[in-house]
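Number of protein chains: 2
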Amino acid sequence: MKKAIVLLSGGLDSTTVLAHAKKQGYEVYALSFYYGQRHQFELEAAKKIAQYYQITEHKIATIDLRLFGGSALTDEIAVPKGRSEAEMDAAIPVTYVPARNTIFLSFGLAYAEVVGAKNIFIGVNAVDYSGYPDCRPEYIAAYEKMANLATKAGVEAAEQLRIHTPLIDLTKSEIIQMGLDLGVDYGMTFTCYDPDTIGRACGVCDACILRLKGFAGLGKKDAIDYTNG
Amino acid sequence: MKKAIVLLSGGLDSTTVLAHAKKQGYEVYALSFYYGQRHQFELEAAKKIAQYYQITEHKIATIDLRLFGGSALTDEIAVPKGRSEAEMDAAIPVTYVPARNTIFLSFGLAYAEVVGAKNIFIGVNAVDYSGYPDCRPEYIAAYEKMANLATKAGVEAAEQLRIHTPLIDLTKSEIIQMGLDLGVDYGMTFTCYDPDTIGRACGVCDACILRLKGFAGLGKKDAIDYTNG
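Chains as they are written, first to last, in our numbering: chain X, 1 to 229; chain L, 1001 to 1229.
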């Protein structure tokens, strides 16, 4: 059975990726991060999801991205609310965490090397990507090339390491449809950048807006609670 | 004044790189890591060195590489002793920490993005490199390419981010000569993989052997204490 590292945030995208990797027959090692994000509810979701899918191992790496600051997700910078998609597309938003996917993939690479996995799955998406540079296909291709030069495994093994991005070309609606076809229960997932104290989604941050639009596009109702819903 | 991130372990190589970056006129932001290494003396050395060079800022990122295991530097795996250089060159050693430079550079990239630095200095070396894959020029070139696709800075700015590796083609003796010409006090630096409880170098791990050979090649005496010296 082929081993795969799945980067699992506990959100809609990464949960779909996990279900996809399982369906493809991979033995899954999931990796989540506590990186000082203001919303810790997604980590609780990640734990439940990992348990539900009975994966081989789930590790949570603590990495202090607050050390550098610079993002609304880790700092006392306000999360933008009620933006149109045009506004989201206009510039890289303040919710961008500097080098986040690069750091996450690098931990995934270390994990892959230790367990002998040749596959890393990440739920990046270049369509509804909120303007993050590290969600683009050219970035992923460059990362994969670097990763194969970086590691003992890449140097010694015949089989090259691959970064899998099954969602990269899909709209949010297409991602949700893919997950529903795989039997994903999206009620387990967590997306909001700025939930209330009991973990209900705000419904108006960029992440909520894209999620709600995804369900609306399919004519489906989202299973999670929204404070303003 | 151009800003630079310098990855500073507190060892001989990274201290030489710091002195070099200062001499070149960069405003230096140093970044060190506590990654569960068995020897914390090098972090103490890094703090002293950062202070000595009166750099703009010194951050220490805590990253739990023990989470994955797989290296003699972070696990209860024995550090090899008394090996010949042929033995060191024969295979990637157990002191290799999976994806370490990739993780370190990724944190450097986040730091660079936050302070607006376009330069990252790292003391990797492909000559006396102890067989680590992530010390080779082709790895660094691939990392630089990826980094420019990864970041807001790379996307929005005209000036590309550069990974500087001033030591990459130098022997250990040449590195030490470079440092001596820059006025580096190598008595402040720390190199050993397996020091005693008061921080004296063992003299027989791969790192000590390469360091001692470097000084011997110049006909100089190393200023630090060795338990077997």
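Virtual Cβ for every residue (Gly too), placed ideally from N, Cα, C.
Cross-chain neighbours of residue i in chain X, by beta carbon under 9 Å
{"i": "lysine 1118(L)", "result": "Those within 9 Å of lysine 1118(L) in chain X number zero; the least Cβ separation is about 14 Å."}
{"i": "lysine 1003(L)", "result": "Simply none; closest approach about 14 Å."}
{"i": "proline 1098(L)", "result": "Leu109, Ala110, Tyr111, Ala112, Glu113, Val114, Thr151, Lys152 and Ala153"}
Test: residue i CB closer than 7 Å to a CB of chain L
{"i": "serine 14(X)", "result": "no"}
{"i": "glutamate 113(X)", "result": "yes"}
{"i": "phenylalanine 121(X)", "result": "no"}
{"i": "phenylalanine 68(X)", "result": "yes"}
{"i": "serine 173(X)", "result": "no"}
{"i": "lysine 59(X)", "result": "yes"}
DSSP state of residue i mapped onto helix, strand, coil
{"i": "histidine 1020(L)", "result": "helix"}
{"i": "valine 114(X)", "result": "helix"}
{"i": "phenylalanine 41(X)", "result": "helix"}
{"i": "cysteine 1202(L)", "result": "coil"}
{"i": "glutamate 57(X)", "result": "strand"}
{"i": "arginine 1083(L)", "result": "coil"}
{"i": "serine 173(X)", "result": "helix"}
{"i": "glutamate 159(X)", "result": "coil"}
{"i": "alanine 1046(L)", "result": "helix"}
{"i": "phenylalanine 1121(L)", "result": "strand"}
{"i": "leucine 107(X)", "result": "Before going further, note that residue 107(X) is phenylalanine rather than leucine in the sequence given. In the structure shown, phenylalanine 107(X) sits in a helix (DSSP, three-state: H, G or I)."}
{"i": "glycine 167(X)", "result": "Per the sequence presented here, residue 167(X) reads as leucine, with glycine not at that position. Correct three-state label for leucine 167(X): coil."}
{"i": "leucine 7(X)", "result": "strand"}
Contact with chain X by residue i, beta-carbon distance below 7 Å
{"i": "glutamate 1138(L)", "result": "yes"}
{"i": "aspartate 1134(L)", "result": "yes"}
{"i": "leucine 1149(L)", "result": "yes"}
{"i": "leucine 1109(L)", "result": "yes"}
{"i": "lysine 1047(L)", "result": "no"}
{"i": "serine 1106(L)", "result": "yes"}
Own chain, CB closer than 8 Å to residue i, minus 5 neighbours either side, in chain order
{"i": "arginine 162(X)", "result": "Lys118, Asn119, Ile120 and Glu144"}
{"i": "leucine 105(X)", "result": "Leu7, Ile120, Ile122, Tyr143, Ala147 and Ile163"}
{"i": "threonine 189(X)", "result": "Gly10, Gly11, Leu12, Thr15, Ala45, Ile49 and Ile224"}
{"i": "isoleucine 198(X)", "result": "none"}
{"i": "glutamine 1040(L)", "result": "Tyr1034"}
{"i": "glutamine 1065(L)", "result": "Contrary to the premise, residue 1065(L) reads as leucine rather than glutamine in this sequence. Only Tyr1035, Gly1036, Ser1071, Thr1074, Val1097, Pro1098, Arg1100 and Ile1103 meet the Cβ criterion."}
Contacts around residue i, its chain only, beta-carbon distance under 7 Å, and the 5 residues preceding and following it disregarded
{"i": "alanine 1061(L)", "result": "Leu1031, Phe1033 and Phe1107"}
{"i": "serine 1009(L)", "result": "Ser1032, Glu1042 and Ala1046"}
{"i": "threonine 165(X)", "result": "Ile122, Val124 and Ile140"}
{"i": "valine 1184(L)", "result": "Thr1015, Thr1016 and Ala1019"}
{"i": "proline 137(X)", "result": "Ala126 and Ile168"}
{"i": "alanine 1207(L)", "result": "Thr1191, Cys1192 and Tyr1193"}
{"i": "glycine 1187(L)", "result": "Ala1223 and Ile1224"}
{"i": "lysine 1023(L)", "result": "Leu1182"}
Beta-carbon contacts of residue i that lie in its chain and below 6 Å, excluding the five residues immediately before and after
{"i": "glycine 1214(L)", "result": "Lys1172, Ser1173 and Ile1176"}
{"i": "aspartate 1194(L)", "result": "Val1079, Cys1202 and Cys1205"}
{"i": "aspartate 225(X)", "result": "Arg200"}
{"i": "serine 84(X)", "result": "none"}
{"i": "aspartate 1001(L)", "result": "The residue you asked about is not aspartate; residue 1001(L) is methionine in the sequence shown. So the qualifying residues of the chain are Glu1027."}
{"i": "threonine 151(X)", "result": "Glu113"}
Under 8 Å from the C-beta of residue i: neighbouring residues of chain L
{"i": "methionine 146(X)", "result": "Thr1102, Tyr1139, Ala1142, Tyr1143, Lys1145 and Met1146"}
Under 7 Å from the C-beta of residue i: neighbouring residues of chain L
{"i": "threonine 62(X)", "result": "Asp1064"}
{"i": "alanine 30(X)", "result": "Result: empty, since nearest Cβ-Cβ is about 13 Å, beyond 7 Å."}
Residues that residue i contacts on chain X, provided the C-beta gap is smaller than 7 Å
{"i": "proline 1166(L)", "result": "Neighbours of proline 1166(L) on chain X: none; closest Cβ ~20 Å, over 7 Å."}
Beta carbon proximity, residue i to chain C, threshold 7 Å
{"i": "arginine 1211(L)", "result": "The structure shown contains no chain C; its protein chains are X and L."}
Point to revise | Stretch-stretch touch, CB-based, cutoff 8 Å, three pairs: the segment 109-116 of chain X with the segment 1098-1111 of chain L | key: yes
Review point. If we count Cβ pairs, one from each stretch, closer than 8 Å, do we get three or more for the segment 15-31 of chain X versus the segment 48-59 of chain X?
Key: yes
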